[in-house]
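Accompanying notes for the structure given below.
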Amino acid sequence: MTPDQNAGEAASKRRKAVVTGAAGFLGSHLCESLIGGGWDVIGIDNFLTGRMENLTALQSAPEFRFIQQDVTEFISVDGPIDAVLHFASPASPIDYLNYPIETLKVGSVGTHNALGLARANDAKFMLASTSEVYGDPLVHPQPESYWGHVNPIGPRSVYDEAKRFGEAITFAYHREHGVDIRLLRIFNTYGPRLRPADGRVVSNFLVQALAGEPLTVYGDGGQSRSFCFVDDEIRGIVALLESDYVGPVNIGNPNEFTVMELARTILDVTGSSSEIVFEPLPVDDPTQRNPDIGLARELLGWEPLVQLREGLEKTSAWYSKELAEK
Ligand code: UDP
Numbered sequence: 000m001t002p003d004q005n006a007g008e009a010a011s012k013r014r015k016a017v018v019t020g021a022a023g024f025l026g027s028h029l030c031e032s033l034i035g036g037g038w039d040v041i042g043i044d045n046f047l048t049g050r051m052e053n054l055t056a057l058q059s060a061p062e063f064r065f066i067q068q069d070v071t072e073f074i075s076v077d078g079p080i081d082a083v084l085h086f087a088s089p090a091s092p093i094d095y096l097n098y099p100i101e102t103l104k105v106g107s108v109g110t111h112n113a114l115g116l117a118r119a120n121d122a123k124f125m126l127a128s129t130s131e132v133y134g135d136p137l138v139h140p141q142p143e144s145y146w147g148h149v150n151p152i153g154p155r156s157v158y159d160e161a162k163r164f165g166e167a168i169t170f171a172y173h174r175e176h177g178v179d180i181r182l183l184r185i186f187n188t189y190g191p192r193l194r195p196a197d198g199r200v201v202s203n204f205l206v207q208a209l210a211g212e213p214l215t216v217y218g219d220g221g222q223s224r225s226f227c228f229v230d231d232e233i234r235g236i237v238a239l240l241e242s243d244y245v246g247p248v249n250i251g252n253p254n255e256f257t258v259m260e261l262a263r264t265i266l267d268v269t270g271s272s273s274e275i276v277f278e279p280l281p282v283d284d285p286t287q288r289n290p291d292i293g294l295a296r297e298l299l300g301w302e303p304l305v306q307l308r309e310g311l312e313k314t315s316a317w318y319s320k321e322l323a324e325k
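Position one of the sequence shown corresponds to residue 0 (numbering that gives the first Met the number 0), numbered consecutively onward.
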């Protein structure tokens with residue numbers, strides 16, 4: 000075989016994925032991981048909450064192509080396509096409260112369009128759903144079989160119900176049209192590229208601690224979350240994509256901490272002497288959250304490897320650099 004034939008052969012073996020939300024925190028890490036795993040990737044984003052700088056490494060990769068588009072408009076991408084991964088959506092409570100209608104539209108119309116693209120190409124479809132479908136859970140930890148406890152008209156419902164609709168239409172396309180689906184439920188994830196002003200608890204506390212400003216604990220800080228480092232999360236997502244299991248599957252770290260415990264750990268990791276201040280608890284803020292990851296362990300052989308302290312050290316180093324450059 001000539002070198003050209005070799006190159007042609009290698010290129011033809013690469014599968015092609017479309018990732019919506021490619022300029023986001025998870026989307027950009029996911030695109031990089033897929034490329035490393037032998038995929039060509041077409042990334043789509045409208046930069047509502049995504050950032051151009053998240054694409055810096057990707058834009059020099061020949062396996063990556065970017066389309067700036069709002070996926071609530073018809074998505075036109077040349078085939079063949081092997082997988083469509085729908086990750087576009089505001090994901091931080093302050094973002095989806097700032098963009099309530101956009102959040103509802105990307106979870107509903109956007110999911111419909113992305114499913115249509117998958118169906119037209121006979122491609123696998125993955126929906127990035129969320130632990131928010133469990134609402135303020137009455138079952139703890141949360142297994143995939145739990146139907147949730149969601150306020151359908153509260154301020155968080157724009158995200159929760161959009162994702163629940165997304166899950167419903169994804170399963171309807173599976174049953175009605177035979178689309179090969181993967182339904183993923185993501186729990187709180189943190190790491191480099193969670194933008195400093197994102198508003199989620201890890202980014203807020205790290206930025207505040209590094210600046211010597213007070214850490215803003217909402218409520219009494221007794222509410223809990225289970226934090227997964229981004230590298231673990233992406234490894235789980237790719238394992239689900241490559242598996243034969245349609246889901247839903249929880250991907251998250253089951254080690255649970257109260258918000259106060261997180262605040263103290265962040266002060267310790269950063270060596271900050273910031274004080275802790277208390278602010279009102281947002282409406283419908285879930286009191287507890289912890290993924291039951293039995294299914295992911297059994298079906299995907301996946302579990303998180305990075306524990307909170309180590310993940311926070313890596314993330315803190317990234318914020319130090321990021322903030323120094325601004
Ligand atoms: N939180 C906090 N201070 C902040 C930001 C968030 O105490 O500056 C709390 C928030 O009320 C919630 C938890 O931290 O109980 C996680 O919030 P986040 O916005 O990260 O994500 P959620 O899990 O609520 O979607």
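Glycine included, every Cβ here is placed at the ideal spot set by N, Cα and C. Since the model is a prediction, treat every value here as computed from it, not as a measurement.
Notebook entry, point to check: Which value, in whole angstroms, describes the spacing of the CA atoms of His-173 and Ile-43?
Noted result: 23 angstroms
Check: Using a threshold of 8 angstroms, is the CB atom of Thr-169 nearer than that to any non-hydrogen atom of the ligand UDP?
Finding: no
Notebook entry, point to check: Should Pro-285 go down as buried or exposed, given a rule of 16 or more other Cβ atoms within 10 Å for buried?
Noted result: buried
Check: Thinking just about the alpha-carbon of each residue, which of Leu-183, Gly-109, Ala-56 and Arg-155 is nearest to the one in Asn-249?
Finding: Leu-183
Checklist line | Ser-91 vs Leu-209 beta-carbon contact at 9 angstroms | finding: no
Margin query: Taking the alpha-carbon of Ser-223 as reference, which of Ala-262, Asp-230, Pro-191 and Val-206 has the nearest alpha-carbon?
Written below: Ala-262
Notebook entry, point to check: Less than 8 angstroms between the CB of Ser-144 and some heavy atom of the ligand UDP, yes or no?
Noted result: no
Item checked: Extent of the continuous alpha helix (DSSP H) to which Asp-159 belongs -> 156-176
Check: Helix or strand or just coil, what does DSSP make of Asp-69?
Finding: coil
Notebook entry, point to check: Where Leu-280 and Gly-221 are concerned, what is the direct C-alpha to C-alpha distance, given to the nearest angstrom?
Noted result: 11 angstroms
Next item on the list: Return the chain-ordered list of same chain residues with a C-beta closer than 6 angstroms to the C-beta of Leu-214, the five sequence neighbours on each side being excluded.
Entry: Phe-204, Gln-207, Ala-262, Ser-273 and Ile-275
Next item on the list: Verify the contact flag: Phe-204, CB atom, against every heavy atom of the ligand UDP, threshold strictly below 8 angstroms.
Entry: yes
Next item on the list: For Gln-141, write down the residues that DSSP places opposite it in a beta bridge.
Entry: Pro-290
Check: Alpha carbon to alpha carbon, what distance is there between Ile-34 and Glu-62?
Finding: 7 angstroms
Notebook entry, point to check: Do you know offhand how far Gln-287's Cα is from Pro-89's?
Noted result: 22 angstroms
Margin query: Are there any heavy atoms of the ligand UDP lying less than 8 angstroms away from the beta-carbon of Asn-289, as far as the coordinates show?
Written below: no
Check: Expressed to the nearest angstrom, what Euclidean distance is found between the alpha-carbon atoms of Glu-166 and Gly-270?
Finding: 42 angstroms
Margin query: For a test of your reading of the model: does the CB of Asn-187 fall under 8 angstroms from any non-hydrogen atom of the ligand UDP? Yes or no.
Written below: yes
Check: Are at least three pairs of beta-carbons, each pair with one atom in the segment 16-30 and one in the segment 75-87, less than 8 angstroms apart?
Finding: yes
Next item on the list: Indicate whether the contact test is met: 3 or more Cβ pairs, each with one atom in the segment 96-111 and one in the segment 153-160, closer than 8 angstroms.
Entry: yes
Next item on the list: Could you tell me the distance, in whole angstroms, from the CA atom of Met-0 to the CA atom of Val-40?
Entry: Summary for Met-0: the model assigns pLDDT 44, below 50, so the residue's position carries little reliability; its value from the coordinates is reported in the next sentence. Each residue's alpha carbon lies about 27 angstroms from the other.
Notebook entry, point to check: Distance, Cα to Cα, Ala-117 vs Val-83?
Noted result: 6 angstroms
Item checked: Test item: CB-CB of Ser-32 and Gly-49 under 9 angstroms -> no
Item checked: Burial state of Thr-55, where buried means 16 or more other Cβ atoms lie within 10 Å -> exposed
Next item on the list: Note down, in chain order, each residue of its chain lying with its Cβ closer than 8 angstroms to the Cβ of Phe-170, except the 5 sequence neighbours on either side.
Entry: Ile-180 and Leu-182
Check: By Cβ distance below 6 angstroms, which residues in the same chain neighbour Gly-37 in space, the five residues on each side in sequence not counted?
Finding: Arg-13
Notebook entry, point to check: Can you tell which of Pro-142, Pro-79 and Val-229 has its C-alpha closest to the C-alpha of Leu-193?
Noted result: Val-229
Note to self: Given the structure, does Ser-91 come close to the ligand UDP, in the sense that its CB is under 8 angstroms from one of the ligand's heavy atoms?
What the structure shows: yes
Checklist line | First and last residue of the uninterrupted beta strand (DSSP E) at Asp-39 | finding: 38-44
Margin query: Could you compute how far the alpha carbon of Asn-254 sits from the alpha carbon of Leu-304?
Written below: 11 angstroms
Notebook entry, point to check: Taking the alpha carbon of Ala-127 as the point to measure from, which residue in Val-76, Leu-240 and Leu-47 has its own alpha carbon closest?
Noted result: Leu-240
Next item on the list: Starting from the C-beta of Gly-190, find all residues in its chain whose C-beta is less than 6 angstroms away, skip the five residues before and the five after it, and write them out in chain order.
Entry: Phe-228, Val-229 and Thr-314
Next item on the list: With a threshold of 8 angstroms, establish whether the CB of Asp-284 neighbours any heavy atom of the ligand UDP.
Entry: yes
Next item on the list: Measure the alpha-carbon distance for Gly-251 versus Phe-186 and round it to whole angstroms.
Entry: 5 angstroms
Notebook entry, point to check: Ends of the alpha helix (DSSP H) at Tyr-95?
Noted result: 92-97
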